[in-house]
Amino acid sequence: MKPLDRFFEISARGSTIGAEIRGGVVTFIAMAYIVVLNPIILSGAADVTGETLDFAQVSATTSLAAGAMTILFGVVARLPFAFAAGLGINSFLATTVVGSLTWAEAMGLVVINGLIIVTLAATGLRRLVFDAVPIQLKLAITAGIGMFILFIGLVDAGFIGSTGVGSPPVGLGRDGLGSIDTVPTVVFVITLLLTGVLVARRVRGGILIGLVTGTVIAGVIEAVWKLGPAAERPGGWGLSVPTLSGSPFALPDLSLVGAVSLDSFGRIGVLSAVMLVFTLVFANFFDAMGTLTGLSREAGLCDDQGNFPRLRSALVVEGVGAVVGGATSSSSNTVFIESGAGIEEGARTGLANLVTGALFLAAMFVTPLASVVPTEVAAAALVVVGAMMTAHLRHIDLSEFSVALPVVLTVAVMPFSYSIANGIGVGFIAWVVLRTAAGRFREISPLLWVVAAGFAVYFARAPLESIIG
Numbered sequence: 000m001k002p003l004d005r006f007f008e009i010s011a012r013g014s015t016i017g018a019e020i021r022g023g024v025v026t027f028i029a030m031a032y033i034v035v036l037n038p039i040i041l042s043g044a045a046d047v048t049g050e051t052l053d054f055a056q057v058s059a060t061t062s063l064a065a066g067a068m069t070i071l072f073g074v075v076a077r078l079p080f081a082f083a084a085g086l087g088i089n090s091f092l093a094t095t096v097v098g099s100l101t102w103a104e105a106m107g108l109v110v111i112n113g114l115i116i117v118t119l120a121a122t123g124l125r126r127l128v129f130d131a132v133p134i135q136l137k138l139a140i141t142a143g144i145g146m147f148i149l150f151i152g153l154v155d156a157g158f159i160g161s162t163g164v165g166s167p168p169v170g171l172g173r174d175g176l177g178s179i180d181t182v183p184t185v186v187f188v189i190t191l192l193l194t195g196v197l198v199a200r201r202v203r204g205g206i207l208i209g210l211v212t213g214t215v216i217a218g219v220i221e222a223v224w225k226l227g228p229a230a231e232r233p234g235g236w237g238l239s240v241p242t243l244s245g246s247p248f249a250l251p252d253l254s255l256v257g258a259v260s261l262d263s264f265g266r267i268g269v270l271s272a273v274m275l276v277f278t279l280v281f282a283n284f285f286d287a288m289g290t291l292t293g294l295s296r297e298a299g300l301c302d303d304q305g306n307f308p309r310l311r312s313a314l315v316v317e318g319v320g321a322v323v324g325g326a327t328s329s330s331s332n333t334v335f336i337e338s339g340a341g342i343e344e345g346a347r348t349g350l351a352n353l354v355t356g357a358l359f360l361a362a363m364f365v366t367p368l369a370s371v372v373p374t375e376v377a378a379a380a381l382v383v384v385g386a387m388m389t390a391h392l393r394h395i396d397l398s399e400f401s402v403a404l405p406v407v408l409t410v411a412v413m414p415f416s417y418s419i420a421n422g423i424g425v426g427f428i429a430w431v432v433l434r435t436a437a438g439r440f441r442e443i444s445p446l447l448w449v450v451a452a453g454f455a456v457y458f459a460r461a462p463l464e465s466i467i468g
């Protein structure tokens, strides 16, 4: 065991092999919900041609990519930070990108995004760009993505719906008329409250326990009342009915591996494709950097400046996660904040990642179980994760209006416009304008002006494309 100890620096970091194994298992339990949640998000959206991704195939590649990237990061960076499909990116792909592209083309953009991040990390530019964005906007982006995810969860659950009129545009209930009148939405409420209690009481794997419990409740209800799908019966289940036919075990279908295309530039034009890649890079960029810094602090592995062992290697591998996620059609893979659960259990080295990664690879063989989880139950997890991300707002001092308005616009525009890109762009533009007006021009990095100008072009892309065309 001495070579293992030396390679991962287990004793040097005050850990033991037993603690690393326990930490790896706990991290997997805390993250396992992504094997269900990611395919629900991705398979629930039709692309520009009307095609959808297969739930079981996405679940299998989600496990494959998470397992492979978690193990790779553990071996290269030797840190206990596990990887899986990032919720912000997959929601962006499902709600925004595939409205104008095929799924293969969308995943091609994710691959390009990953290659850019790898290049930025390898050259050191990633750190420079990250430092150019003020901490207030970094936190606002994370919180805004959280609000976006939360809103998606409420809509998917039928807790909030369109009224079909101009004012108010949305209301309580699936039909927006102000009442919760379907059993699946009630199951969502029960699952949300249960999961919220578990997370509030710091129960490890609280989100997973909530998903499993909610699915069992939904399965019992379906067995008794035969609600069926909402497409066939009013008041039925949204996207998936909680029933299992056949064996819970199956060989993974990895048909989506390599199903990518780079034809997006021809379909929507160079400008639009570049702006989508730009948005993907930014979403990956800030979410990962913030999470890496937070986890390294939690593990006691970073210095006062936030630097931790093998920082550049960690950033390069994190970029590779986006490439692997796109290549497997599981969406960009990034480091998960839930790794903190394993750190609390004692994980301090990459050995814990080997355990977590192996469990993710094993999960590929139980994908039929994942399809049993109804959308309404998974939506509860979205709301909880969204609330966790929104909590980052507590670190922002909003006493200055030149800070408050850009931050609030960033957070609000994402869910209200149903676009992460819009929120980031509005926030950046508002920041450079208001901070300049407040006499803080010298505090604004030239790089931020370039980014803001790019977003201004992005928002005017329709008339610009008509002029160019």
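Numbering (numbering that gives the first Met the number 0), first residue to last: 0 to 468. By construction, the Cβ of each residue, glycine as well, lies at the ideal position given by its N, Cα and C atoms.
Would you identify the three-state DSSP class for residue i, choosing helix, strand or coil?
i: G43; result: coil
i: G324; result: helix
i: T95; result: coil
i: P79; result: coil
i: P228; result: strand
Beta strand (DSSP E) containing residue i: first to last residue?
i: A83; result: 82-84
i: I159; result: 159-161
i: G170; result: 169-171
i: T333; result: 332-334
Here's the rule I'm using: 16 or more other beta-carbon atoms within 10 Å means buried, otherwise exposed. How should residue i be labelled?
i: G339; result: buried
i: F82; result: buried
i: V215; result: exposed
i: L127; result: exposed
i: I33; result: buried
i: W102; result: buried
i: W224; result: exposed
i: S331; result: buried
i: I134; result: exposed
i: E442; result: exposed
i: T141; result: buried
i: S239; result: buried
i: A105; result: buried
i: R393; result: exposed
i: R125; result: buried
i: D130; result: exposed
Quick check on the DSSP output: the alpha helix (DSSP H) that includes residue i runs from which residue to which?
i: M68; result: 54-75
i: F458; result: 445-458
i: F427; result: 419-436
i: E221; result: 205-224
i: A380; result: 374-389
i: V490; result: One cannot answer for residue 490 here, as it falls past the ends of the chain, which runs 0 to 468.
i: A366; result: First, the amino acid is wrong: residue 366 is Thr here, not Ala. First-last of the alpha helix (DSSP H) with T366: 366-369.
i: W102; result: 102-122
i: M363; result: It is not in any alpha helix (DSSP H) - M363 carries neither H nor E in the DSSP assignment.
i: F416; result: The question names Phe, yet the displayed sequence has Ser at residue 416. S416 -> alpha helix (DSSP H) spans 400-416.
i: T51; result: Segment: none, T51 is in no alpha helix (DSSP H) and carries neither H nor E.
i: V164; result: Counting along the chain, V164 falls outside any alpha helix (DSSP H), and DSSP gives it neither H nor E.
i: L136; result: 134-155
i: D396; result: It is not in any alpha helix (DSSP H) - D396 carries neither H nor E in the DSSP assignment.
i: G17; result: 16-30
i: I267; result: 263-267
Who are the Cβ neighbours of residue i in its own chain at under 6 Å, not counting the five residues just before and after it?
i: V57; result: P38, L41, S42
i: A313; result: A76
i: F54; result: P38, S42, S370
i: V450; result: F427
i: D355; result: The question names Asp, but residue 355 is Thr in the sequence shown. Closer than 6 Å at the Cβ level, and outside the excluded window around T355, lie G23, T26, F27, T69, A81.
i: L350; result: F7, E19
i: G320; result: M68, F82, N332, T333
i: A346; result: E19, G22, P79
i: I179; result: G172
Check whether the Cβ of residue i lies closer than 7 Å to any Cβ atom in chain D.
i: E19; result: Absent from the structure is chain D; it holds one protein chain and no more.
Output needed for residue i: all residues of its chain with C-beta closer than 8 Å, excluding positions within five of it in sequence on either side, in chain order.
i: F440; result: R434
i: C301; result: T292, S295, F307
i: R311; result: A120, A121, G123
Excluding the five sequence neighbours on either side, which residues of its own chain have a C-beta within less than 7 Å of the C-beta of residue i, listed in chain order?
i: M363; result: A59, S62, L63, P251
i: V169; result: I159, G160, S161, T162, G175
i: G123; result: none
i: L100; result: D46, V47, S263, R266, I267
Is there at least one non-hydrogen atom of the ligand GTP closer than 6 Å to the beta-carbon of residue i?
i: G160; result: Because no ligand of any kind appears in the structure shown, any question about the ligand GTP cannot be addressed here.
Would you be able to state if there are at least three C-beta pairs under 8 Å between the segment 61-68 and the segment 258-277? Too few Cβ pairs lie closer than 8 Å, so no.
Using 8 Å as the cut-off, can you tell me whether the segment 182-197 makes contact with the segment 372-391, which would need three or more C-beta pairs spanning the two stretches below that distance? yes
Looking at C-beta atoms only, is the number of pairs between the segment 386-396 and the segment 220-240 that lie closer than 8 Å three or more? no
Check whether the segment 133-151 and the segment 390-407 touch, using three or more Cβ-Cβ pairs below 8 Å as the test. Touching, per the Cβ criterion.
So, do the segment 202-215 and the segment 9-18 have three or more beta carbon pairs nearer to each other than 8 Å? The segment 202-215 makes no contact with the segment 9-18; the number of CB pairs closer than 8 Å stays below 3.
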